[in-house]
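Protein chains in written order, with this note's numbering: chain B, 1 to 337; chain U, 1001 to 1337.
Beta carbons: idealized from backbone N, C-alpha and C, even for Gly.
No experiment lies behind these values; they were computed from the predicted model shown.
All remarks here apply to the structure that follows.
Below, the structure is given as structure tokens:
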């Protein structure tokens, strides 16, 4: 690998389901950092369903285009630094893209503390943990005694959001696909109930499991499941729009999936819906305070962390394709070997 | 009329468009107030599109049923009082139903101050004014410099909401049906622009009129117009769900109109949507403070009040049917003659 830099490029943008053919492996020479830049070697790549949305059009970042390197964040190690703030060996988080080595301006790196295991930095102590934390508490304003429903509940964000809700004294129902995931929710993670959306209609299952309506819905999926929970919301309920995994891997020319009950149901039941991006909450010391809470809960054993680690740089496309199909349980990472 | 009491009953619940055949006139004997009750003679009935929604199923009130008297609020005058709190001649507001006389428990009456004209008590100083006020300022949090869009903008609530937004220093676009209404918005009421939804596609018209995206959308209609404005929202925009007039008079067996972009667009643009019922904001002196503001603006000429008064008790059904078709400009009342 010395002297060369593997990169995974977008061969063409997907029109429907994401597949191997949309990616292509390339090799370039190792990047050389300019003054003020840092050379980073990626150790773990973080995968997230939202990466598929980046291929659909502009979101909270510019749309990806064919020919470009696939974008993505990684936990890396500084190999060479031409910036006073970083030294070889430092652990950093950055949007490196899918490549072995990235030369990046120092201001685009976040220095990471130590953690054991180090992969938690991309999981509960990273975007997933913070998204769950701020989505549930700052956006959803979940309080003791609330009935909380979380979708994609066996995923990275959902599994953490549901457990934080339990820690805060809520009754928690998780929605996931398949018995294995549902068993983990009610077994390992301590959710009060689980709804297997593949086993039957979601509306009556949520109605039964929530025992009197839903105060807070933490939505990671959109579409039919969003609608089924919407019609189960209680007076004054709060819906948190965190992700739309049901839509990312679909063919947009077949139309965007529409949701019924909007806005009528919001009036009758005095509901609110709010979409958010986790970095909106990073200011004023809130990020550090959240990380301190998360660390405390993990160390006390109240918050269990699910890891799903795939080995091999070349498996990045397959790992993302599988994530979109719901293959993962917990945070999916790719170890850069 | 002496000794008898005209009532308008629901002959049958509408399955599609509301029509005369869904109502029937009846006469009963004049009600006699019990101890603690007050006999009220209705002078003006307030009409609102939401009354049609009461016929669809439970909303913020129980569903209406066939055979029942049509529900509705009125400005009335106390004729006889068996409660210490009321005396003959008092002006009151109550859910009297559609009848000449109602005998109601005193706690279900609201004593009204004087106003000139008295009809403003059912309009800018009543539910319409307060709904516009709290919807725009407390729910939508409209601030100076915001770009505000209001739908059903020539209606009672919309016309007031748009003018309050202008008073608060916003740029205001109203959506209404037909050139006559649009001319009133930009002429009489001082809106910055108007979009005639009958004249062409709404999305590009709102895009052009809002000049760079919408901060606050005050929605009275739902459906396709809601969607067209949703896709024009700016980062951090706020949508206020106040009414769904597009859905009230439709056939529910043909399916509830679904909206695209929910929840995906809420994430990309960090939007929020909140439904409300005006009475949620009546506590803690807020109602009185709002009425003082509204009165100040009306008296200074900053807030113009549109009235649409239909004469004759027997015209109540036709007046409501016409309201649902958008015939009214401003608040539609029926004078009880």
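Name the chain U residues whose beta carbon is nearer than 9 Å to that of residue 253 of chain B?
What residue 253 of chain B touches in chain U: nothing, since even the nearest Cβ is about 14 Å away.
What would DSSP say about residue 1358 of chain U, mapped onto helix, strand or coil?
For chain U, the structure presents residues 1001 to 1337; residue 1358 of chain U sits outside this window and is missing.
Leaving out five residues on either side along the sequence, give the residues of the same chain with a beta carbon under 7 Å from the beta carbon of residue 1192 of chain U.
Closer than 7 Å at Cβ, skipping near neighbours: 1171, 1172, 1173.
Does DSSP put residue 1080 of chain U in a helix, a strand or coil?
Looking at residue 1080 of chain U - three-state DSSP - the assignment turns out to be strand.
Starting from residue 1273 of chain U, follow the beta strand (DSSP E) in both directions and report where the run begins and ends.
That run of the beta strand (DSSP E) goes 1272-1275.
Just confirm the distance between the C-beta atoms of residue 1274 of chain U and residue 1157 of chain U, as a whole number of angstroms; I'd bet it's less than 8 Å.
Their Cβ separation, rounded to whole angstroms, is 16 Å, which puts residue 1274 of chain U and residue 1157 of chain U out of contact at 8 Å.
Out of U:1098, U:1126, U:1050, U:1243, point me to the one whose CA is closest to residue 1023 of chain U's CA.
Checked all of U:1098, U:1126, U:1050, U:1243; the closest Cα to residue 1023 of chain U is U:1098.
Which of the residues in the stretch 1273-1287 of chain U, read from start to end, lie with their CB under 9 Å from any CB of chain B?
If the cut-off is 9 Å between Cβ atoms, the stretch 1273-1287 of chain U has 1273, 1274, 1275, 1276, 1277, 1280 near chain B.
So, using beta-carbon positions, are residue 1231 of chain U and residue 1190 of chain U closer together than 8 Å?
Not closer than 8 Å, so no.
Inspect the beta-carbon positions of residue 31 of chain B and residue 103 of chain B and report whether they are closer than 8 Å.
Yes, the pair counts as a contact, with Cβ atoms nearer than the cut-off.
Straight-line CA distance for residue 1150 of chain U to residue 1220 of chain U?
Straight-line Cα distance between these residues: approximately 8 Å.
Would you say residue 1210 of chain U reaches chain B, if we count a Cβ-Cβ gap shorter than 8 Å as a contact?
Residue 1210 of chain U does not count as touching chain B.
In whole angstroms, give me the CA-to-CA distance for residue 237 of chain B and residue 128 of chain B.
Whole-angstrom Cα-Cα distance: 24 Å.
Using a beta-carbon distance cut-off of less than 7 Å, what residues from the stretch 1056-1081 of chain U approach chain B?
Per Cβ criterion, the list reads 1059, 1060.
Quick one: does the C-beta of residue 263 of chain B sit closer than 7 Å to a heavy atom of the ligand ZN?
Questions concerning the ligand ZN fall outside what the structure shown contains, since it holds no ligand whatsoever.
Say whether the stretch 1004-1022 of chain U touches the stretch 204-213 of chain B, bearing in mind that this needs 3 or more beta-carbon pairs closer than 8 Å, one atom from each stretch.
Verdict: no, contact absent.
Residue 1201 of chain U by DSSP, collapsed to three states: which one?
The answer is coil: DSSP assigns residue 1201 of chain U none of H, G, I, E or B.
Would residue 225 of chain B pass as a contact of residue 246 of chain B if the rule is Cβ separation under 8 Å?
A contact, by the Cβ cut-off of 8 Å.
With 8 Å as the threshold, decide whether the Cβ of residue 222 of chain B is near any Cβ in chain U.
For residue 222 of chain B, the answer is yes, since a Cβ of chain U falls inside 8 Å of its Cβ.
Tell me the DSSP bridge mates of residue 1037 of chain U?
Note: residue 1037 of chain U sits in a beta bridge opposite U:1105.
Just mark residue 264 of chain B as buried or exposed, buried being the case when its beta carbon has 16 or more other beta carbons within 10 Å.
Under this definition residue 264 of chain B is a buried residue.
Mind pulling the chain U residues with CB within less than 8 Å of residue 268 of chain B?
Going along chain U in sequence order, the residues near residue 268 of chain B (Cβ under 8 Å) are 1058, 1059, 1060, 1275.
Where residue 1020 of chain U and residue 1250 of chain U are concerned, what is the direct C-alpha to C-alpha distance, given to the nearest angstrom?
Cα to Cα, residue 1020 of chain U sits roughly 16 Å from residue 1250 of chain U.
In the stretch 1216-1241 of chain U, which residues sit with their C-beta less than 7 Å from some C-beta in chain B, listed in chain order?
Correct list: 1219, 1222, 1226, 1241.
DSSP state of residue 330 of chain B, grouped into three classes?
Of the three classes helix, strand and coil, the one that applies to residue 330 of chain B here is strand, per DSSP.
Measuring only between beta-carbons, confirm whether residue 1260 of chain U sits less than 8 Å from chain B.
Output row for residue 1260 of chain U: interface = yes.
Grab the span of the alpha helix (DSSP H) containing residue 93 of chain B for me, first residue to last.
Segment 91-94 is the beta strand (DSSP E) holding residue 93 of chain B; no alpha helix (DSSP H) there.
Between residue 1001 of chain U and chain B, is any beta-carbon pair separated by less than 8 Å?
Its pLDDT being 43, under 50, residue 1001 of chain U is placed unreliably in this model, and the value from its coordinates should be taken loosely. No - not a single Cβ of chain B is within 8 Å of the one on residue 1001 of chain U.
Using only the alpha-carbon positions, how far apart do residue 27 of chain B and residue 1141 of chain U sit?
If I take the Cα positions, the gap works out to 52 Å.
Looking only at its own chain, which residues have a Cβ that is under 8 Å from the Cβ of residue 1167 of chain U, when we skip the five neighbours before and after it?
These residues qualify, in order along the chain: 1297, 1302, 1303.
Please go through the same chain and pick out, in chain order, the residues whose beta-carbon is closer than 8 Å to the beta-carbon of residue 1110 of chain U, but skip the five residues on each side of it.
So the list reads 1092, 1093, 1094, once near-sequence residues are dropped.
Would residue 263 of chain B pass as an interface residue toward chain U - the criterion being a Cβ-Cβ separation below 8 Å?
Cβ-Cβ to chain U under 8 Å: yes for residue 263 of chain B.
Which residues in the same chain as residue 1 of chain B place their Cβ atom closer than 6 Å to its Cβ, once the five residues preceding and following it in sequence are excluded?
Because residue 1 of chain B sits at a pLDDT of 43, beneath the cut-off of 50, its placement in the model cannot be relied upon, and the point is left open.
Can you tell me which of B:133, B:49, B:240 puts its alpha carbon nearest to the alpha carbon of residue 327 of chain B?
That would be B:49, whose Cα lies nearest to the Cα of residue 327 of chain B.
So what's residue 1189 of chain U in DSSP terms, helix, strand or just coil?
Here residue 1189 of chain U sits in coil by DSSP.
Is residue 250 of chain B close to chain U, meaning its C-beta is less than 8 Å from at least one C-beta of that chain?
No - not a single Cβ of chain U is within 8 Å of the one on residue 250 of chain B.
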